[in-house]
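If you use our numbering, the sequence shown corresponds to residues 3 to 331, in order.
So the structure is just underneath, and the comments pick up after that.
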Amino acid sequence: MKATITASARYLPERILTNSDLEKMVDTSDEWIRTRTGIVTRHIVAEGQASSHMATHVANTLLERSGSDPDEIEVIIVATVTPDMLFPATAALVQNNIGATNAWGFDLSGACTGFLYALETGSRLIQSGGYKKVMVIGVDTMSSILDFTDRNTCVLFGDGAGGVLLEPSENSYGFIDSILHTDGSGGAYLLMPGGGSLHPPTHETVDKRMHYIRQDGKIVFKFAVKGMAEVCADILERNGISGKEIKLFIPHQANKRIIDAAAKRCGLTDDQVLININKYGNTTAATIPIGLDEAVEEKRLKTGDLLLLAAFGAGFTWGSMLFRWGFDS
Ligand code: UT7
Numbered sequence: 003m004k005a006t007i008t009a010s011a012r013y014l015p016e017r018i019l020t021n022s023d024l025e026k027m028v029d030t031s032d033e034w035i036r037t038r039t040g041i042v043t044r045h046i047v048a049e050g051q052a053s054s055h056m057a058t059h060v061a062n063t064l065l066e067r068s069g070s071d072p073d074e075i076e077v078i079i080v081a082t083v084t085p086d087m088l089f090p091a092t093a094a095l096v097q098n099n100i101g102a103t104n105a106w107g108f109d110l111s112g113a114c115t116g117f118l119y120a121l122e123t124g125s126r127l128i129q130s131g132g133y134k135k136v137m138v139i140g141v142d143t144m145s146s147i148l149d150f151t152d153r154n155t156c157v158l159f160g161d162g163a164g165g166v167l168l169e170p171s172e173n174s175y176g177f178i179d180s181i182l183h184t185d186g187s188g189g190a191y192l193l194m195p196g197g198g199s200l201h202p203p204t205h206e207t208v209d210k211r212m213h214y215i216r217q218d219g220k221i222v223f224k225f226a227v228k229g230m231a232e233v234c235a236d237i238l239e240r241n242g243i244s245g246k247e248i249k250l251f252i253p254h255q256a257n258k259r260i261i262d263a264a265a266k267r268c269g270l271t272d273d274q275v276l277i278n279i280n281k282y283g284n285t286t287a288a289t290i291p292i293g294l295d296e297a298v299e300e301k302r303l304k305t306g307d308l309l310l311l312a313a314f315g316a317g318f319t320w321g322s323m324l325f326r327w328g329f330d331s
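Below you can see the structure in the form of structure tokens.
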């Protein structure tokens, strides 16, 4: 039995932060941000709005678009590094908000690769034959962990959520293959050091700004270019597929230059690659499902099309997934 995506949804908060807004906050320029990253604007949550709120919007849209009743949903997996709180899980908050009384759920921490880890998990649950409706949501409120005095990081990220409903495939299309990696030796290069059991919150951790994201951009960039390009090439080779056969490549959106390198390695042309980093920045676990929902809205996927997904992020974590799309969008 194959798992297939039967609905997609996204949610972006209303407030937009532009590069010129950031020019007034830190020593940066629109020109630097555009040329080094491809980012022009990003969305930021309203005061009091958190990951569960964005994820609930997505979950409700998935119910509506799939014509599912809340009590039909069996599992809710939320990929995030910015849960509302350490516990209970954001998935539990979403489960309650949408009234999915028969669902169990959990959060999954895979940073920028979180959505792929969650999609793999959800797909395997469906393929086990034990489940028929699994919601997979990627959400991050990166503004809640950004240091808006650090130009190295604050210009890169945005807030948002996206998700899909997975169901057993009726036409044998759907999940084909995945290659997922973790290499914890890269942990020190992209992290939020405070707030966990190693450095619980104290006045000292706050004074040392340990509750903000820290990144050695240059090193992460180097590993991301290599990791994402290789894992895309590997999954194509393992399945005997050439770049030309891919209808759409939806990569994690961290830096346009990383995406371009992966696309080039697989021989993909611009029209095969979905880019929206200009509008949203890096929304961490949400970039891929947001892109997927845009592709569906723009009718870029038809029944039988090959879809390639790939990501690289903190951990390090990285991976790629191949799907044969199951319906005409
Ligand atoms: O999604 C999770 C994974 N994350 C990533 O994949 C991110 C990977 N890294 C990157 O995308 C890039 O490394 C960055 C966009 C973060 C940085 O681009 P870069 O081309 O690697 O720049 P750099 O770090 O080498 O910095 C070049 C210069 C430095 O100045 P000096 O030392 O040459 O004088 C930085 O201080 O640019 C400076 N700089 C900035 N200048 C203006 C760094 N941030 C900014 C900024 N505005 N916002």
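In this text, a Cβ means the ideal position worked out from N, Cα and C, and glycines have one as well.
What are the boundary residues of the beta strand (DSSP E) that residue i is part of?
| i | result |
| --- | --- |
| Ser180 | 176-184 |
| Met212 | Neither: Met212 is in no beta strand (DSSP E) and is coded neither H nor E. |
| Lys249 | 248-253 |
| Pro291 | Run containing Pro291: none in the beta strand (DSSP E); it sits in the alpha helix (DSSP H), 289-299. |
| Glu169 | 161-170 |
| His201 | Counting along the chain, His201 falls outside any beta strand (DSSP E), and DSSP gives it neither H nor E. |
Once the 5 residues before and after residue i are set aside, which same chain residues still bring their CB inside 7 Å of it?
| i | result |
| --- | --- |
| Ala63 | Just to set this straight, residue 63 is Thr in the shown sequence, not Ala. Ala11. |
| Lys135 | Ser70, Glu74, Ile75, Glu76, Leu167, Glu169 |
Can you determine whether any heavy atom of the ligand UT7 sits closer than 7 Å to the C-beta of residue i, and answer yes or no?
| i | result |
| --- | --- |
| His183 | no |
| Val141 | no |
| Phe150 | no |
| Ser31 | yes |
| Thr39 | yes |
| Cys114 | yes |
| Arg267 | no |
| Ala263 | no |
| Ala226 | yes |
| Trp320 | no |
| Ile147 | no |
| Phe117 | no |
| Gly315 | yes |
| Phe223 | yes |
| Asn284 | yes |
| Trp106 | no |
Beta-carbon within less than 8 Å of residue i's beta-carbon, same chain only, minus the 5 sequence neighbours each way: which residues are those?
| i | result |
| --- | --- |
| Ile277 | Gly40, Gln255, Lys258, Ile261 |
| Asp149 | Thr155, Cys156, Arg211, Tyr214, Ile215 |
| Ser31 | Asn21, Glu25 |
| Ala263 | Val227, Met230, Ala231 |
Hey, quick one: how far does the alpha helix (DSSP H) through residue i stretch, first residue to last?
| i | result |
| --- | --- |
| Asp262 | 258-267 |
| Tyr119 | 116-129 |
In whole angstroms, what separates the C-alpha of residue i from that of residue j?
| i | j | result |
| --- | --- | --- |
| Ser54 | Gly196 | 22 Å |
| Ile290 | Pro253 | 6 Å |
| Asp185 | Gly116 | 14 Å |
| Leu19 | Gly164 | 19 Å |
| Thr285 | Thr37 | 19 Å |
| Ala61 | Ile7 | 14 Å |
| Glu300 | Leu158 | 26 Å |
| Ser130 | Gly124 | 10 Å |
| Val275 | Ala102 | 35 Å |
| Gly269 | Glu239 | 13 Å |
| Gly188 | Lys249 | 32 Å |
| Gln51 | Gly176 | 34 Å |
Only counting the same chain, and skipping five residues up and downstream in sequence, which positions put a Cβ closer than 6 Å to that of residue i?
| i | result |
| --- | --- |
| Phe314 | Ala226, Gly229, Met230, Trp320 |
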